[in-house]
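Colleague: Numbering (full-length UniProt numbering), first residue to last: 1 to 394.
Think of the CB as a built atom: it goes at the ideal place given N, C-alpha and C, for glycine as much as any other residue.
First, the structure itself, so that you have it in front of you.
What follows is the structure, given as structure tokens:
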């Protein structure tokens, strides 16, 4: 039997309580990015929920971070639709012992409730609904990863490999507080600059020293000068340290540089300029090296236009309206969009104040956002969907 979208949507309409129950279980499970056991415990909860419906998962072991998990509901041969979701949060292990899941009449609270455990619930229930929808026109996959909050260092290759084979990517990062979805994101990188110099007594033989702090300070001025607001490029040294004492010429210094950019084409230019600044010898006797800590690529708006139009149509049919919104925050959707794969983000339940102890999720958005997600998944391959000609490639 061919897939019947309405059957899936009707089933989801009765799942509010079950969705919240899963949300509570995974929010009450600590899963800081560096807590592999916790991130994998969240994965086990999701796996149990899916496997109970006969949806199998493939586990891809990762050393030091949460394993990557790939779940799939099969369909007719062809490129799958890929959903993304990260299981890690920014909150330290032990947070749930003093601040676990709680709720009031309309909002749920807790570490990671919106970013992005609410989205994990949507991914899980989307697959469960699609399993009940009949024969799908193409497979639907979910990639559950474990280190997005610290740059997806272990997950990026898996994300890109899965995306290259996909017809479209839908990421259930939290819906904006406005209710909108995310149609574009900045790319960003955290770079580490380490400078070595030569120590000397600041009073006795100052001239014999080579100050790493002074060399770094000169570089910071040049790095900040790379900011170009009109192009959407910003550079910011937000952390720096160095030296051993006030009466010693500093033998070492270190800084962390945040770089943001809107267009992929700008990244190589910015990075080359940064490399040149770091390589320059500011003072004789000093030397600097550049290390890449994390890098996210941008999600440019033109990669989301068609999917956004489909999602808006499906949302309207379900009784709510959304717009696409640009955000300066980074996410895994930038990796897939930068490969040229149609990508839409911010499809999770509506939430806000993420990464704080006031993080919240609007419980009434669980079901309708899950329904809109499923309806969009099934519409991606319809030739009748406005503007989807370039999406349907089998």
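Measuring only the C-alpha atoms, how far is residue 180 from residue 232?
Modeller: 22 Å
Colleague: Under the assumption that residue 223 contacts residue 274 (Cβ atoms under 8 Å), give the Cβ distance between them as a whole number of angstroms.
Modeller: 7 Å
Colleague: In whole angstroms, what is the alpha-carbon distance linking residue 30 and residue 208?
Modeller: 52 Å
Colleague: Are three or more beta carbon pairs between the stretch 111-125 and the stretch 199-218 nearer than 8 Å?
Modeller: Counting Cβ pairs under 8 Å, fewer than three are found: no touch.
Colleague: Report, in whole angstroms, the separation of the C-beta atoms of residue 159 and residue 336, which I expect to be a contact under 8 Å.
Modeller: 7 Å
Colleague: Which residue from 119, 320 and 358 puts its Cα closest to that of residue 174?
Modeller: 119
Colleague: Going along the chain, which residues of its own chain have a beta-carbon closer than 8 Å to the beta-carbon of residue 264, five neighbours each way excluded?
Modeller: 187, 297, 298, 300 and 338
Colleague: Considering only residues of the UniProt domain "Peptidase M20 dimerisation" (184-282), which uninterrupted beta strand (DSSP E) runs meet the minimum length of 3 residues and lie entirely inside it, listed in chain order?
Modeller: Here the runs fully enclosed are 187-196, 234-242 and 252-261.
Colleague: Could you check the C-alpha separation between residue 332 and residue 90 for me, to the nearest Å?
Modeller: 16 Å
Colleague: Is residue 314 buried or exposed, if buried means 16 or more other CB atoms sit within 10 Å of its CB?
Modeller: Classified as buried, residue 314 has 16 or more neighbouring CB atoms from the shown chains inside 10 Å of its CB.
Colleague: Report yes if the CB atom of residue 131 is closer than 7 Å to the CB atom of residue 73, and no otherwise.
Modeller: Closer than 7 Å, so yes.
Colleague: State the start and end residues of the unbroken alpha helix (DSSP H) segment that holds residue 367.
Modeller: 366-379
Colleague: Leaving out five residues on either side along the sequence, give the residues of the same chain with a beta carbon under 7 Å from the beta carbon of residue 285.
Modeller: 197, 198 and 210
Colleague: What residues match up with residue 326 in a beta bridge as DSSP calls it?
Modeller: 184
Colleague: Between the Cα of residue 254 and those of 248, 247 and 240, spot the shortest distance and give me the residue it belongs to.
Modeller: 240
Colleague: Contact check, residue 43 vs residue 93 under 8 Å by CB: the rounded distance?
Modeller: Between residue 93 and residue 43 the Cβ distance is about 16 Å, and since that is not below 8 Å, they are no contact.
Colleague: Going by other Cβ atoms of all chains shown within 10 Å of its Cβ, with 16 needed for buried, is residue 106 buried or exposed?
Modeller: Exposed is the call here.
Colleague: When burial is assigned at 16 or more other CB atoms within 10 Å of the CB, is residue 289 buried or exposed?
Modeller: Taking a 10 Å sphere around the C-beta of residue 289, we find fewer than 16 other C-beta atoms and assign the residue as exposed.
Colleague: Per the DSSP calculation, residue 289 is bridged to which residue(s)?
Modeller: 194
Colleague: Mapping DSSP to helix, strand and coil, what is residue 56?
Modeller: Under the three-state reduction of DSSP output, residue 56 falls in the coil class, being neither helix nor strand.
Colleague: In whole angstroms, give me the CA-to-CA distance for residue 26 and residue 320.
Modeller: One Cα belongs to residue 26, the other to residue 320, and the distance between them is close to 27 Å.
Colleague: Based on Cα-Cα distance, which residue from 13, 86 and 139 lies nearest to residue 151?
Modeller: 86
Colleague: Below 8 Å on the Cβ atoms is my contact criterion, and I expect residue 193 with residue 257 to pass it. Report the Cβ-Cβ distance as a whole number of Å.
Modeller: 6 Å
Colleague: For the candidate residues 349, 309, 190 and 140, whose alpha-carbon lies nearest to that of residue 366?
Modeller: 349
Colleague: Please classify residue 322 as buried or exposed, where buried requires at least 16 other C-beta atoms within 10 Å of its C-beta.
Modeller: Using a 10 angstroms sphere on the CB of residue 322, the tally of other CB atoms reaches 16 or more, which defines it as buried.
Colleague: Look up residue 15 in the DSSP assignment and say whether it is helix, strand or coil.
Modeller: coil
Colleague: Straight-line CA distance for residue 149 to residue 101?
Modeller: For residue 149 and residue 101, the distance between alpha carbons rounds to 20 Å.
Colleague: Helix, strand or coil for residue 315 per DSSP?
Modeller: helix
Colleague: Could you tell me whether the Cβ atoms of residue 88 and residue 147 are closer together than 7 Å?
Modeller: A contact, by the Cβ cut-off of 7 Å.
Colleague: Just to confirm the assignment, what range does the beta strand (DSSP E) spanning residue 81 have?
Modeller: 81-86
Colleague: Applying the criterion that 16 or more other CB atoms from any shown protein chain within 10 Å of the CB defines a buried residue, is residue 399 buried or exposed?
Modeller: Beyond the ends of the chain as shown, which are 1 and 394, falls residue 399; an answer cannot be given.
Colleague: Does the stretch 45-64 touch the stretch 160-174, meaning 3 or more C-beta pairs lie closer than 8 Å?
Modeller: no
Colleague: Are residue 195 and residue 216 close, meaning C-beta to C-beta below 7 Å?
Modeller: Yes, Cβ-Cβ distance for residue 195 and residue 216 is below 7 Å.
Colleague: Got a sec, what are the start and stop residues for the beta strand (DSSP E) residue 142 sits in?
Modeller: Start and end: 140-145.
Colleague: Which of the three DSSP states, helix, strand or coil, is assigned to residue 297?
Modeller: coil
Colleague: Excluding five sequence neighbours on each side, which residues of the same chain lie with their C-beta closer than 7 Å to the C-beta of residue 394?
Modeller: Bear in mind that a pLDDT of 37 at residue 394, under 50, signals an unreliable position, so the number given afterwards is only what the model happens to contain. Result list for residue 394: 78 and 79, in chain order.
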